[in-house]
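K.L.:
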Amino acid sequence: MDTSGILRPEQLPFKVPPDLEYAINELLAAWERDEKLNLDCYLDEVQAAARSVSEENDAWVRRYYVQYGWRKND
């Protein structure tokens with residue numbers, strides 16, 4: 057899958073801790089490989105790592121990555 061239109065951790069409007077940055081990058085890599093078998097694991101990792109930021113930013117990350125909010129920009 058082409059992920060060029062999806063925000064990278066360094067493009068997010070808040071400071072991203074290393075664990076969340078790693079989880080997002082792993083999820084993006086899985087999408088790029090068209091990973092299907094373990095995709096839920098990568099989504100779960102992003103959701104879990106997002107707990108390390110404020111509640112507002114956690115909700116933003118879940119909406120954008122886990123609930124595929126980035127598709128609304130298409």
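Each residue of the sequence shown is one higher than the one before, starting from 57 at the first, in the numbering used here. Don't be surprised by glycine CBs; every beta carbon is placed ideally from N, CA and C. Please read these numbers as outputs of a predicted model, since none were measured by experiment.
(1) In angstroms with no decimal places, state the Cα-to-Cα distance between Ser60 and Tyr98.
(2) Let me check understanding here. Comparing Cα to Cα, which of Asp90, Gly125, Lys92, Tyr121 lies closest to Ala104?
(3) Along the chain, where does the alpha helix (DSSP H) containing Glu112 start, and where does it finish?
(4) Near Ser108, what residues of its chain come up, given a Cβ to Cβ distance below 7 Å and the 5 sequence neighbours on each side ignored?
(5) Applying the criterion that 16 or more other CB atoms from any shown protein chain within 10 Å of the CB defines a buried residue, is Leu93 buried or exposed?
P.N.:
On the basis of the coordinates in this document:
(1) One alpha carbon belongs to Ser60, the other to Tyr98, and they sit about 18 Å apart.
(2) Closest by alpha carbon: Tyr121.
(3) It spans 111-117 - the alpha helix (DSSP H) in which Glu112 sits, taken as one unbroken run.
(4) Only residues of its own chain outside the window of five on either side were considered, and among them Pro73, Asp75, Leu76 have a CB closer than 7 Å to the CB of Ser108, listed in chain order.
(5) Exposed, because fewer than 16 other Cβ atoms sit within 10 Å of the Cβ of Leu93.
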